[in-house]
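First comes the structure, then the notes that go with it.
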Amino acid sequence: MIGNFTYYTPTKLCFGKDCIKDLPGVIGRYGRNVLLTYGGGSIKKMGLYDRVKELLKDFNIVELSGIEPNPKYDPSVITGARLCKENNIDVILSVGGGSVLDCSKAISACAKYDGEGWDLISSKVKAKEALPVVDIITLAATGSEYDAGCVISNTAINDKRGYMDDHLYPVASFLDPEYTFSVNKWQTACGTADAINHVLEQFFADPHSTFNDGVMISALRSLMTNVKIALETPDDYAARSELMYVCSWGCNGILSNGAGYSGWPMHSIEHALSAYFDITHGAGLAIITPRWMREILSDKTIERFVTLGVELFGFDKALPDTDMAEKVIEEFYRFFESIGIPMHLGELGVKAESIEEMADHILENDSTNEPWMYAPLDKNALIRILSASM
Ligand code: NZQ
Ligand code: ZN
């Protein structure tokens, strides 16, 4: 069944080799004063920084560099918002991965707000406006380039918040797969694991439809096949282009229009993990996924496992449903392991003694136990998932 929905993604997506040649025309629509945001230097190593500076030689550029993975409210968002106000910035150009883009989106809203920016990010206050954001995305993972969300950490209060607002859609996103050739094996694997999880958060929902199932299974197949190729041959354009395009569909709803909303419980759990231990988002999700699947396996959910078993993995339809579900869980575990993700949180530095506190934090900030959710998780369930993931 396709239920009621509204779909709105006003981002201009420019895809392909050297698509960034159109950057000056697109940026010029919004003004001459540009805040150029980037991370720890990958864009300089791959020559993208020089190319952007050359393309934008007629613009006034102010730079904010050093934006961290798991971007921080303090200093990055606060500094960026101040730079925008001081320099009369018209448009933000984000060049980098999802962290740089998320930080830029948060800056875009905070730059137009006179109060404490965290009030916007924590959704206490609704933004009335935001600066336009254009991005060149260099890592296939989050889908931030095609969605209205950003995820920001506040280390002072051990919090990592997903902030959604229609003002946060980038006005234009440039996706050139060649700029992802330099992404190392770890980030390639983690980025793909993130995108796989985005699909699964939407697949495990009720109602669902044959159409959406087909699109999502196709997305999973593409991600799982092409990541292996990209890990082996980092400059394989065909593989990198599929990863990049499929990842961009992850979080704007297009995969699940008309389906139920699950509440994205694995993301709630992972955001607590990276708030407490600053781990890589996709790695945390990969580790949680099979443990979460085992926790939610029930008469209600088993049909989803069977569909994945038959349609994605090609298992024999005659298998008993419970065997099929076990095989699906095992298959995801082995897949993540095969792309190089350590499958235990302890290996990423997570400490077992924080599990109970994190479970409380998740319930307080992300409410994973709402009755409308596809598979609500109470405190004991969260503790079981986290403990099994250690
Ligand atoms: O900082 P630099 O030097 O640029 O290096 C980055 C960083 O160290 C590097 N990198 C990026 N592009 C590269 C590259 N290295 C070589 N070549 C390139 N082309 O990769 C490292 C990780 O970058 P990051 O931006 O942190 O990764 P990702 O894109 O996976 O973003 C992760 C963040 O996005 C959030 C996560 O929680 C996390 O904070 N998410 C955002 C979402 C959204 N806005 O919709 C949804 C997701 O579920 C997710 O929560
Ligand atoms: Zn994610």
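Counting from -16, one number per residue, gives the positions in the sequence shown under this note's numbering. No residue lacks a Cβ here, since even glycine has one placed at the ideal position from N, Cα and C. These numbers come from a predicted model, not from an experiment.
query, result
"C-alpha gap between Asn195 and Ile179, whole angstroms", "15 Å"
"Residues bridged to Arg144 (per DSSP)", "Ile135"
"Unbroken beta strand (DSSP E) run spanning Gly81, endpoints", "Unbroken run through Gly81 is the alpha helix (DSSP H), Gly81 to Cys93; no beta strand (DSSP E)."
"Residues bridged to Lys(-5) (per DSSP)", "Ala155"
"Contact test: His250 Cβ vs ligand 2 heavy atom, cutoff 7 Å", "yes"
"Beta-bridge partners of Thr20, as assigned by DSSP", "Leu47 and Ser77"
"Own chain, CB closer than 7 Å to Thr171, minus 5 neighbours either side, in chain order", "Val210, Ala213 and Leu214"
"Exposed unless 16 or more other CB atoms sit within 10 angstroms - verdict on Phe(-12)", "exposed"
"Buried or exposed (CB count within 10 angstroms, at least 16 for buried), Ala301", "exposed"
"Residue nearest to Pro217 in terms of C-alpha spacing, selected from Ala188, Ser201 and Val166", "Val166"
"beta-carbon Met130 near ligand 2 non-hydrogen atom, thresh 7 Å", "Just to set this straight, residue 130 is Asp in the shown sequence, not Met. Flag unset: Cβ of Asp130 not near ligand 2."
"Euclidean distance between Cα positions of Glu320 and Phe42", "46 Å"
"Heavy atom of ligand 2 within 7 Å of Asn180 beta-carbon", "yes"
"Entirely enclosed alpha helix (DSSP H) segments - the stretch 199 to 264, minimum 4 residues", "220 to 231 and 248 to 260"
"Same chain only: Cβ atoms within 8 Å of Ile10, ignoring 5 sequence neighbours per side", "Val17, Leu39, Phe42, Val74, Leu76 and Val117"
"Contact belief for Asn141 with Tyr259 at Cβ below 8 Å, rounded distance in angstroms", "6 Å"
"Contact under 8 Å by Cβ, Ala64 with Gly100", "yes"
"Contact set for Gly332: own chain, Cβ-Cβ below 8 Å, skip 5 residues either direction", "Phe260 and Ile262"
"heavy atom of ligand 1 below 7 Å from Asn53 C-beta", "yes"
"Beta-carbon contacts of Ile72 that lie in its chain and below 6 Å, excluding the five residues immediately before and after", "Asn16 and Leu18"
"Residue from Ser127, Asp148, Ser136 and Lys95 whose Cα sits closest to the Cα of Ser106", "Asp148"
"Selected residue, minimal CA-CA separation from Leu280, among Pro303, Gly14 and Glu309", "Glu309"
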